[in-house]
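Residue numbers (this note's numbering): 141 to 370.
First up is the structure itself, then whatever we jot down about it.
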Ligand code: Y39
Ligand code: FE
Ligand code: FE
Ligand code: FE
């Protein structure tokens, strides 16, 4: 059930809230920074889409600035070293794939997995955010749908040649997402974001994306639950 910040009487100024926010806000800031860099790298890998991808990378830096303002507004210092560690697995896998020219893997990691993770987190956060952060996040989540759409369209157009690499990249990276969700669950709960809701929204976004790309329902069931119990 959808609940709202006002009726939950969330105390955005409490030490407990601010402590959890120092990590979640840092995750989002670091995530936006890495997304910015990932789209610059993708622009190099896909010269035909350079202009679009540079535009997406600039949107990611604007998101980062918006979330930095959300932290300042609550007088919270983001724990950036924590956030770097949080993203290390996906970040390392993206870098490795980029170095090998594996553009399909790069797109799966950034434009499908990370964008779906962001969309799920932002959708769940919006109803329980403070007024300032809600306005920022509402603007950001619209952009994230367009980033997801870029990945979907490219992978759909190149589905036959990409399918095997997508399966392998999913196998290597989806378990990392479930681990990340577990790591952040307690802090998310402090912000009134339910883990079950995050998992559900992620599965819906990711399943829809896989469907739009061309996977069958049977494939989607297998792919999207991979590593869920790990
Ligand atoms: O494409 C993007 O802008 C994505 C990088 C941003 C990732 C945000 C990650 C959100 C996870 C937060 C988890 C809170 C429960
Ligand atoms: Fe973003
Ligand atoms: Fe994005
Ligand atoms: Fe779509």
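Ideal Cβ positions, reconstructed from N, Cα and C, are used throughout, including at glycine.
For the alpha helix (DSSP H) containing residue 425, list its first residue and its last residue. As displayed, the chain neither begins before 141 nor continues past 370, which places residue 425 out of reach and without an answer.
Range of the contiguous alpha helix (DSSP H) that encloses residue 359: 357–364
Regarding residue 231 and ligand 5, is the C-beta to nearest heavy atom distance less than 8 Å? With respect to ligand 5, the structure shown offers nothing to examine, as its ligands consist of ligand 1, ligand 2, ligand 3 and ligand 4.
Looking at the structure shown, is residue 188 part of a helix, part of a strand, or coil, going by DSSP? helix
Is it the case that the CB of residue 255 approaches a heavy atom of ligand 3 more closely than 8 Å? yes
Please report the residue range of the alpha helix (DSSP H) in which residue 316 lies. 299–330
Do you know how far the Cα of residue 337 is from the Cα of residue 269? 15 Å
Would residue 273 and residue 265 be called neighbours here (beta carbons separated by less than 9 Å)? yes
Option nearest residue 164 by Cα separation, candidates 328, 347, 303, 215: 328
So what's residue 341 in DSSP terms, helix, strand or just coil? helix
Taking the alpha-carbon positions, what's the residue 225 to residue 353 distance? 31 Å
Helix, strand or coil, according to DSSP, for residue 367 in the structure here? coil
In terms of alpha-carbon separation, which member of 198, 151, 167 lies closest to residue 219? 167
If residue 367 sits next to residue 314, beta carbons under 8 Å apart, how far is it from one beta carbon to the other, in whole angstroms? 5 Å
Contacts around residue 141, its chain only, beta-carbon distance under 8 Å, and the 5 residues preceding and following it disregarded: At residue 141, the pLDDT of 45 sits below 50, so the modelled position is not reliable; the number obtained from the coordinates is stated separately. If we look at residue 141 and ignore the five residues flanking it on each side, it has no Cβ neighbours.
What number of angstroms, rounded off, separates the C-alpha of residue 178 from the C-alpha of residue 235? 9 Å
Within the same chain, show all residues whose beta-carbon is closer than 7 Å to that of residue 310, passing over the 5 residues directly before and after it, in chain order. 248, 363, 366
Please indicate yes or no: does the CB of residue 194 lie closer than 8 Å to some heavy atom of ligand 1? no
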